[in-house]
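Chains as they are written, first to last, in UniProt numbering: chain A, 1 to 85; chain B, 1 to 85; chain C, 1 to 340; chain D, 1 to 340; chain E, 1 to 366; chain F, 1 to 366.
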Amino acid sequence: MCLGVPGQIVSISDHKSHLAVVDISGVKREVNVSCVIGEREPIMELIGVWVLVHVGFAMSRLDENEARRTLALLSDLGEFQESLS
Amino acid sequence: MCLGVPGQIVSISDHKSHLAVVDISGVKREVNVSCVIGEREPIMELIGVWVLVHVGFAMSRLDENEARRTLALLSDLGEFQESLS
Amino acid sequence: MKEIITLAHGAGGKAMESLIQQVFVPAFHGVEHAVLEDQARIPMRLLAEHGDRLAFTTDSYVVDPIFFPGGDIGMLAVNGTINDLAVGGAMPLYMSCAMVLEEGLPIEILQRVVNSMVEAANAAQVSIVTGDTKVVPRGQCDKLYINTTGIGVINSGVQISSQRACKGDVIIVNGSVGDHGAAIVSARTDLKLEASIQSDTQSLSELVQIMLRVCPDIHCMRDATRGGVAAVLNELADASRCTMYVDEKSIPVSPDVRGVCEILGFDPLYLANEGKLIAIVPESAAELVLCAMRQHPSGAGSVVIGQVVDQQGSAVVMETQFGAKRVINRLVGEQLPRIC
Amino acid sequence: MKEIITLAHGAGGKAMESLIQQVFVPAFHGVEHAVLEDQARIPMRLLAEHGDRLAFTTDSYVVDPIFFPGGDIGMLAVNGTINDLAVGGAMPLYMSCAMVLEEGLPIEILQRVVNSMVEAANAAQVSIVTGDTKVVPRGQCDKLYINTTGIGVINSGVQISSQRACKGDVIIVNGSVGDHGAAIVSARTDLKLEASIQSDTQSLSELVQIMLRVCPDIHCMRDATRGGVAAVLNELADASRCTMYVDEKSIPVSPDVRGVCEILGFDPLYLANEGKLIAIVPESAAELVLCAMRQHPSGAGSVVIGQVVDQQGSAVVMETQFGAKRVINRLVGEQLPRIC
Amino acid sequence: MKYIDEFRDPDQARILLQRITKLADQVASLRSTPLQIMEFCGGHTHTVFRYGIEQVIPKSIELVHGPGCPVCVLPREAVDHCVAIAERPDVIMTTFGDAMRVPGSRKNLLQAKAEGADVRMVYSPLDALSIARNSPDKEVVFFALGFETTMPSTALTLQQAYGERLQNFSVLCHHVTTPPVLTEILQDNQLQLDGFIAPGHVAMIIGEQPFQFVACDYGKPLVISGFEPVDVLQAMLMLLTQIHQGRSQVENQYLRVVRQSGNASAQLALCEVFEIGEKVTIRDRYAPFDAMVRFAGHCQSDALPESISEPSYCAEVLKGRIRPLQCPLFGKHCSPSDPQGALMVSSEGACAAYYQYGKAEAMAEI
Amino acid sequence: MKYIDEFRDPDQARILLQRITKLADQVASLRSTPLQIMEFCGGHTHTVFRYGIEQVIPKSIELVHGPGCPVCVLPREAVDHCVAIAERPDVIMTTFGDAMRVPGSRKNLLQAKAEGADVRMVYSPLDALSIARNSPDKEVVFFALGFETTMPSTALTLQQAYGERLQNFSVLCHHVTTPPVLTEILQDNQLQLDGFIAPGHVAMIIGEQPFQFVACDYGKPLVISGFEPVDVLQAMLMLLTQIHQGRSQVENQYLRVVRQSGNASAQLALCEVFEIGEKVTIRDRYAPFDAMVRFAGHCQSDALPESISEPSYCAEVLKGRIRPLQCPLFGKHCSPSDPQGALMVSSEGACAAYYQYGKAEAMAEI
Ligand code: SF4
Ligand code: SF4
Ligand SMILES: [Mg+2]
Ligand SMILES: [Mg+2]
Ligand SMILES: [Mg+2]
Ligand SMILES: [Mg+2]
Ligand SMILES: [Mg+2]
Ligand SMILES: [Mg+2]
Ligand SMILES: [Mg+2]
Ligand SMILES: [Mg+2]
Ligand SMILES: [Mg+2]
Ligand SMILES: [Mg+2]
């Protein structure tokens with residue numbers, strides 16, 4: 001449930017209304033970023049940030065380190081597997 | 001100016017609003033007959049009457065005698081003409 | 001639930017397939033094949049039997065209302081295209097049918113239209129061999145539009161052309177004019193006219209075949225659809241660069257069509273027909289052609305309405321009932337009801 | 001004053017004539033003739049030079065918006081019908097063009113559409129020889145609809161059919177899938193997507209001719225328009241009563257088309273294409289056909305995507321990236337954007 | 001068709017023509033210039049052209065085509081008003097078919113419609129009323145034009161709307177009355193008219209009396225006439241007879257339709273609703289139904305496009321001073337498909353009639 | 001595509017599958033019945049079918065498809081409400097594409113649209129707001145559905161509408177929350193589930209805590225998972241590991257997206273706008289934007305068609321008690337082109353997924 005797609009914020013289109021443009025594999029769409037702005041963080045800081053988009057709202061920031069860690073875990077598994085075989 | 005067509009009233013469609021159906025060479029249309037109802041004349045009396053229709057209103061009754069007289073005058077002229085030639 | 005057309009019926013998936021299977025396949029001969037392929041395929045030898053030139057014509061039908069006294073959009077779509085082939089001297093053989101449907105159209109309405117296409121096509125021995133269906137969102141088309149494109153073959157002896165009207169040629173019409181236009185105007189609800197006028201929608205194919213049998217050398221022939229008889233006469237006078245004389249008295253107009261014209265200030269010469277043709281034939285053959293035409297139901301009311309009087313200019317001149325002349329021009333815009 | 005289409009342009013009178021003279025006659029070869037007559041006439045010997053069967057196909061085009069990245073409705077209308085002829089193995093030769101115009105349409109828009117039809121027809125050496133124009137009241141159609149009906153001729157050696165897929169046959173597509181559908185979705189204003197996706201609208205006629213040169217015995221061929229590759233594969237599997245295996249990994253999808261699909265929850269296999277074909281060829285000829293295809297710009301991205309594995313059943317089975325299988329059905333309704 | 005076919009009978013016409021020719025010869029022999037008779041009304045002009053009457057009457061009678069066409073006398077500003085109101089998204093503008101082609105300064109109603117305005121053609125003002133009843137969320141405006149013939153229908157429609165207390169119906173009134181237009185012609189020194197064929201359908205409403213001044217004050221014979229060709233020829237004969245006998249009277253050829261005192265019910269309605277001064281306006285009582293009041297902002301001239309006036313030739317033709325063929329624009333820059341003046345629009349307009357039915361040059365060629 | 005392609009990598013999947021197989025064999029050897037793991041969420045079900053995961057995992061693991069599809073849990077009455085409101089001529093109904101096919105008692109929104117209702121698909125509730133701004137003369141209603149993932153978007157949209165004092169915008173709220181649905185499953189005696197794959201996008205909003213009761217109160221292991229196939233396989237491996245080790249904890253596989261405490265801003269918006277009880281309702285402060293209030297007449301059950309309930313099988317499938325193929329209607333009387341239940345509609349629905357991607361019989365044949 002709840003289709004969510006990762007995309008990268010490429011510009012801020014409306015400071016006041018918290019609207020930014022997200023790029024998803026070359027496709028752009030304006031989304032609301034209210035839920036991913038940090039307190040006292042200038043909205044411009046969001047440019048470059050990866051977010052998870054659901055129904056026109058950015059709902060979470062993607063954590064690159066965690067993603068890398070998850071994948072590293074898998075390749076560790078893989079090496080472990082290989083060492084077994 | 002002011003296209004007017006002779007037609008015959010064939011039925012009364014709305015007593016209160018003075019609407020009647022006129023037949024014009026087989027084509028029927030509802031028209032307002034307010035201007036051709038005589039004082040104290042029951043509207044039903046209009047059935048069979050020929051009227052001149054303009055933009056959906058019956059604007060005058062056709063006078064058969066006068067029509068006949070006009071044409072008679074012409075044929076008199078014709079006979080007169082013939083008698084000359 | 002009443003079955004209606006939805007956008008899914010145009011989306012290329014199961015809904016579309018089942019619409020085609022339910023409505024079109026049982027109706028159209030040959031479409032079964034076309035459903036399987038992207039194109040109908042016709043052996044060329046079947047065509048060659050009929051002559052040496054392919055005739056090819058297209059028309060879209062957008063009539064409102066889609067059902068009217070004397071016909072409907074389906075019958076019109078088949079007969080109209082048949083007629084555009086026939087008046088070129090072609091034997092109409094194959095036809096395509098492409099429909100644009102409005103979301104929300106009851107399938108029962110579509111079925112009625114298709115049935116009447118089938119009936120018209122069968123009557124004229126024309127096969128509908130390929131088709132297409134598109135669905136547009138509600139409000140983006142008015143109920144349904146039909147395009148039919150026809151293929152026929154012209155016999156080698158026949159040379160009908162709009163450019164061949166010659167001095168002395170006789171101008172024939174196959175019956176009363178303006179019936180279709182007047183029927184549509186009366187069927188429209190906004191003018192609130194009530195009339196028993198029937199559209200003259202009919203196939204002219206048989207009639208034309210009969211005419212060609214007695215006179216293969218018909219010079220010009222055209223069905224008098226949009227723009228009416230006035231448009232056709234002008235087109236032919238232009239193309240042949242000739243002057244035509246038409247006798248007002250001789251042009252048949254039925255009483256109720258006249259009634260509509262008197263009420264609205266229309267001229268029946270400019271009203272559309274859907275089963276009337278103008279033929280221009282050599283004077284020597286005129287009597288023969290006329291006789292032959294009158295033998296056929298579609299030509300029972302055939303009359304001579306005029307003659308080509310000059311090989312110069314490009315004018316249609318009408319002799320009025322009073323012996324005066326007036327030029328019959330083409331229509332400029334639409335005919336609009338007049339108050340004055 | 002900006003010139004716009006009015007109802008008078010469809011009324012069969014002077015306005016219509018001048019529209020035809022202004023817009024259509026300068027654009028379409030051969031229409032000059034058709035303006036004079038009710039039907040185009042094509043000497044049968046010109047057809048016989050190309051083969052023994054006439055191919056005949058029709059499509060209406062109702063795309064919204066009418067201009068989109070990579071094309072417009074005019075180009076689509078010409079290429080779409082050319083492709084329906086080409087995938088039957090026919091050389092596309094003649095075409096009709098019937099337009100339904102909305103009152104109020106700027107004539108400049110019509111002119112742009114016509115220009116692009118001309119360009120597409122010239123590029124494919126197809127002549128538009130007959131036409132029709134109807135005008136409907138504002139709001140009764142969406143800007144303009146086009147019907148094109150095409151005539152081509154199939155060479156006697158060619159026997160392409162949806163029923164000929166055989167065990168072992170190889171399934172080829174000529175490039176990335178879903179481009180047209182994704183371009184249209186992105187060009188629609190309501191979803192507010194911005195993408196640089198170009199429609200793949202193109203004529204496949206040359207490509208098919210090249211393919212037939214190296215392999216006259218292509219078994220099946222179809223352009224993957226509405227319903228996408230999934231629809232075509234299912235249609236061919238049904239008609240040939242066979243089972244096909246398709247390898248998910250091998251199906252080319254461009255990154256931004258994937259982007260659109262991820263955002264909306266679409267499957268690119270069901271998105272429309274307007275310049276992609278599926279060819280099913282004997283295994284022995286597959287390499288040769290593929291090589292030939294890749295020489296042509298329209299086939300540069302050609303790849304094998306699967307194989308016919310069984311002469312029974314009627315199923316399209318996809319091997320997923322994980323080595324699992326899933327059945328590829330036809331679409332049921334339209335693809336609608338999903339939230340879940 | 002009863003009351004029509006008899007009056008289109010070529011035999012009847014032939015008899016009349018013989019008498020006309022004879023009488024015209026007699027009258028002409030006594031004068032150096034041709035007789036000039038004005039058919040005031042566009043309906044008569046239409047008949048004249050439709051049946052080619054000019055070609056069959058003697059050369060000594062010259063028909064001068066008058067300004068009696070409601071569409072032709074409509075000022076461009078009226079159309080501009082109408083377009084400005086029609087272009088409001090909340091408005092449905094309704095009017096007669098032939099009003100839709102009359103040029104405004106920048107566009108006509110057909111063009112406004114094609115550009116998106118909701119403009120609907122009606123056969124009767126009552127149909128406009130039905131539209132208003134069925135579209136409670138829209139402002140329905142009826143663009144009313146025409147001479148006295150048409151005014152009662154507008155008046156009765158307004159009375160009906162008033163009675164129903166319809167909130168969303170109004171009338172944009174551009175009616176005109178006949179006598180002032182006639183007076184203007186009579187006061188024109190350049191015109192030397194010998195008599196008038198007067199509009200039978202106007203007289204059907206207002207009766208004979210309002211035409212008396214033509215005979216009494218200006219000494220011109222006038223015959224009220226029907227619209228069939230036999231009517232027109234008979235009226236012509238009656239005029240010739242008056243001229244021959246040196247009389248100047250108001251006579252009525254159209255006895256089958258026109259009563260001496262017109263139609264009292266119609267006059268009453270007309271009087272109740274309209275204030276007839278230099279212009280015809282809607283009385284205060286009906287102000288809520290007056291589009292001029294309701295859309296006052298749209299009818300002020302500064303709210304409108306700068307008005308581009310008609311070619312000056314039009315007024316000349318309208319008054320009968322020049323004939324359409326004498327207008328340098330005729331057939332070249334001005335034709336029904338690109339009309340410069342209203343006279344080229346309505347099939348009642350003299351210019352359009354010449355163009356549509358006349359093309360005198362073409363005739364000459366044949 | 002970054003953050004997507006890596007998690008669809010077949011090589012990664014292969015590694016995981018080998019580990020899963022190994023571990024499953026160990027676990028299975030200790031028990032007589034297969035392991036039953038429920039992927040609660042339709043998004044996961046979609047992934048399972050799209051990539052054919054059931055075919056590649058060991059037979060000893062049985063996936064039970066849960067009810068976590070907002071479209072599948074929508075009661076028919078909700079659609080009936082929505083249709084009744086949409087059919088008002090002054091209303092523009094807006095909603096997500098997949099909501100349009102959900103069956104009501106008599107019709108779905110697509111059918112209402114085809115019959116003339118103005119129903120528009122939007123990608124975002126913000127797009128519905130734009131429509132409201134651009135159509136001031138229409139009532140624009142947004143049919144809001146979905147679990148916690150979608151609720152903040154509705155909440156923020158309502159806050160925006162409130163701020164703008166929009167007069168013509170309202171929300172028909174049919175949101176649902178996850179924990180009660182999970183509880184119902186856990187309380188079902190017929191189900192003997194061994195663990196849960198939990199919806200990552202719900203957790204992204206509400207965090208891990210609301211899932212703790214599954215582990216604490218019911219002793220079932222639960223792993224919050226992403227939606228790519230590698231995510232799902234890893235979550236499965238994490239579940240197996242817990243089971244193998246005899247643990248029952250809430251774990252988070254989807255660390256790149258889900259923070260332990262969820263998204264505070266989103267929770268705040270959600271809290272401000274919605275009252276979360278047995279049902280999710282709009283707070284009084286926002287009552288003017290509540291379509292239930294605004295169109296109260298249309299939402300009373302007597303104003304609606306008598307509701308026809310779903311086949312009873314649907315509830316069974318929804319709870320994971322029976323599999324779609326065990327429903328006697330499946331594929332015969334119930335198919336995506338003629339669905340009897342919502343489960344056959346959404347591509348998240350287990351029945352539709354089986355039909356669309358599965359067709360196990362067909363598979364068996366090959
Ligand atoms: S021809 Fe045109 S410009 Fe000249 S008077 Fe007539 S309407 Fe006016
Ligand atoms: S197959 Fe249809 S009826 Fe059976 S459970 Fe699934 S949705 Fe319900
Ligand atoms: Mg044609
Ligand atoms: Mg209609
Ligand atoms: Mg035609
Ligand atoms: Mg024709
Ligand atoms: Mg097609
Ligand atoms: Mg086709
Ligand atoms: Mg559109
Ligand atoms: Mg095709
Ligand atoms: Mg096609
Ligand atoms: Mg045509």
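All C-beta atoms, glycine included, are put in the ideal place defined by N, C-alpha and C.
Quantities reported herein were computed from a predicted structural model and do not represent experimental measurements.
Cα-Cα separation between residue 13 of chain B and residue 31 of chain B, rounded to whole angstroms: Translated into positions along the second sequence, residue 13 of chain B becomes position 13. Translated into positions along the second sequence, residue 31 of chain B becomes position 31. So the alpha carbons of these two residues sit roughly 9 Å apart.
Tell me whether residue 38 of chain D counts as near ligand 5, meaning its Cβ is closer than 7 Å to at least one heavy atom of that ligand. Position 38 of the fourth sequence, counted from the first residue, corresponds to residue 38 of chain D. True, at least one ligand heavy atom lies under 7 Å from that Cβ.
Quick one: Cα of residue 19 of chain D to Cα of residue 345 of chain E, how far? Taking the first residue of the fourth sequence as 1, we reach residue 19 of chain D at position 19. Taking the first residue of the fifth sequence as 1, we reach residue 345 of chain E at position 345. The straight-line gap from Cα to Cα measures roughly 20 Å.
Local Cβ density within 10 Å of residue 90 of chain F, reported as buried at 16 or more and exposed below that: Within the sixth sequence, numbered from 1, the residue matching residue 90 of chain F stands at position 90. The residue is exposed, with fewer than 16 neighbouring Cβ atoms inside 10 Å.
Note down, in chain order, every chain B residue with its Cβ under 7 Å from the Cβ of residue 260 of chain C. Position 260 of the third sequence, counting from 1, holds the residue named residue 260 of chain C. Listed along the chain, the chain B residues whose CB falls inside 7 Å of the CB of residue 260 of chain C are 27.
Taking 7 Å as the limit between beta carbons, can you name the residues of its chain near residue 82 of chain F, skipping five residues before and five after? Taking the sixth sequence and counting its residues from 1, the one referred to as residue 82 of chain F is at position 82. 93, 109, 143, 172, listed in sequence order.
Residue from C/302, C/306, C/196, C/157 whose Cα sits closest to the Cα of residue 259 of chain C: For the purposes of this step, residue 259 of chain C is taken as the residue at position 259 of the third sequence. With distances taken between Cα atoms, residue 259 of chain C lies closest to C/196.
Could you tell me the distance, in whole angstroms, from the CA atom of residue 350 of chain D to the CA atom of residue 274 of chain D? This structure cannot settle anything about residue 350 of chain D, because the visible part of chain D is limited to 1 through 340.
Contacting positions in the segment 166–185 of chain D - beta carbon closer than 9 Å to chain F: none
Quick check on the DSSP output: the beta strand (DSSP E) that includes residue 54 of chain A runs from which residue to which? Along the first sequence, one-based indexing puts residue 54 of chain A at 54. Residues 50–54.
Paired residues, beta bridge with residue 277 of chain D - DSSP: Taking the fourth sequence and counting its residues from 1, one reaches residue 277 of chain D at position 277. Beta-bridge pairing links residue 277 of chain D to D/223.
Unbroken stretches of the alpha helix (DSSP H), 4 residues or longer, contained in the segment 47–121 of chain F: 53–56, 76–86, 109–114
Out of D/73, D/120, D/233, D/180, point me to the one whose CA is closest to residue 203 of chain D's CA. Indexing the fourth sequence from 1 puts residue 203 of chain D at position 203. Nearest C-alpha to residue 203 of chain D: D/120.
Is the segment 49–69 of chain E touching the segment 318–334 of chain C in the sense that three or more CB pairs, one from each, lie closer than 8 Å? yes
Counting Cβ pairs, one atom from each stretch, are 3 or more of them under 8 Å apart for the segment 273–289 of chain D and the segment 70–88 of chain D? yes
Listed by chain order, chain B residues near residue 8 of chain E by CB distance under 8 Å: Position 8 of the fifth sequence holds residue 8 of chain E. In chain order: nothing, as chain B lies at least about 12 Å away.
Whole-number beta carbon distance between residue 76 of chain F and residue 310 of chain F, since they are thought to touch under 8 Å: In the sixth sequence, counting from the first residue as 1, residue 310 of chain F sits at position 310. In the sixth sequence, counting from the first residue as 1, residue 76 of chain F sits at position 76. Yes, they are in contact, since the Cβ atoms of residue 310 of chain F and residue 76 of chain F sit about 7 Å apart, within 8 Å.
Measuring only from the beta carbon, is residue 84 of chain D closer than 7 Å to any heavy atom that is part of ligand 11? The sequence position of residue 84 of chain D within the fourth sequence is 84, counting from 1. Yes.
Assuming residue 5 of chain A and residue 262 of chain D are in contact, meaning their beta carbons sit under 8 Å apart, how far apart are those beta carbons, in whole angstroms? Residue mapping note: residue 5 of chain A aligns to position 5 of the first sequence, counting from 1. Residue mapping note: residue 262 of chain D aligns to position 262 of the fourth sequence, counting from 1. Taking the Cβ atoms as the reference, residue 5 of chain A lies roughly 5 Å from residue 262 of chain D, within the contact range of under 8 Å.
Residue 308 of chain C to residue 10 of chain D, Cα distance in whole Å? Within the third sequence, residue 308 of chain C is the residue found at index 308, counting from 1. Within the fourth sequence, residue 10 of chain D is the residue found at index 10, counting from 1. Spanning the two alpha carbons is a distance of roughly 28 Å.
For the UniProt domain "PurM-like C-terminal" (168–317) of chain C, list the alpha helix (DSSP H) runs that are entirely contained and at least 4 residues long, ordered along the chain. 179–187, 205–214, 228–240, 255–264, 283–295
At which residue ranges does the segment 10–89 of chain C contain complete beta strand (DSSP E) runs of 3 or more residues, listed in the order of the chain? Unbroken beta strand (DSSP E) stretches of 3 residues or longer found wholly inside the segment 10–89 of chain C: 40–43, 53–61, given in chain order.
Closer than 8 Å between beta carbons: that is the criterion. Which residues of the segment 247–272 of chain F meet it against chain A? 253, 255, 256, 257, 258, 259, 263, 265, 266, 269
Determine, for residue 116 of chain F, whether the minimum Cβ-Cβ distance to residues of chain I falls below 8 Å. The structure shown contains no chain I; the protein chains it does contain are A, B, C, D, E and F.
Quick one: using the 10 Å Cβ neighbour count with 16 as the cut-off for buried, is residue 300 of chain C buried or exposed? Against the third sequence, residue 300 of chain C aligns to sequence position 300. Exposed is the call here.
Taking the alpha carbon of residue 194 of chain D as the point to measure from, which residue in A/71, A/26, A/63, A/57 has its own alpha carbon closest? Taking the fourth sequence and counting its residues from 1, one reaches residue 194 of chain D at position 194. Ranked by Cα distance from residue 194 of chain D, the options A/71, A/26, A/63, A/57 are led by A/26.
With respect to 7 Å, is the separation between the Cβ of residue 41 of chain C and the closest non-hydrogen atom of ligand 10 below this value? Within the third sequence, the letter at position 41 stands for residue 41 of chain C. Every heavy atom of ligand 10 is 7 Å or more from the Cβ of residue 41 of chain C, so no.
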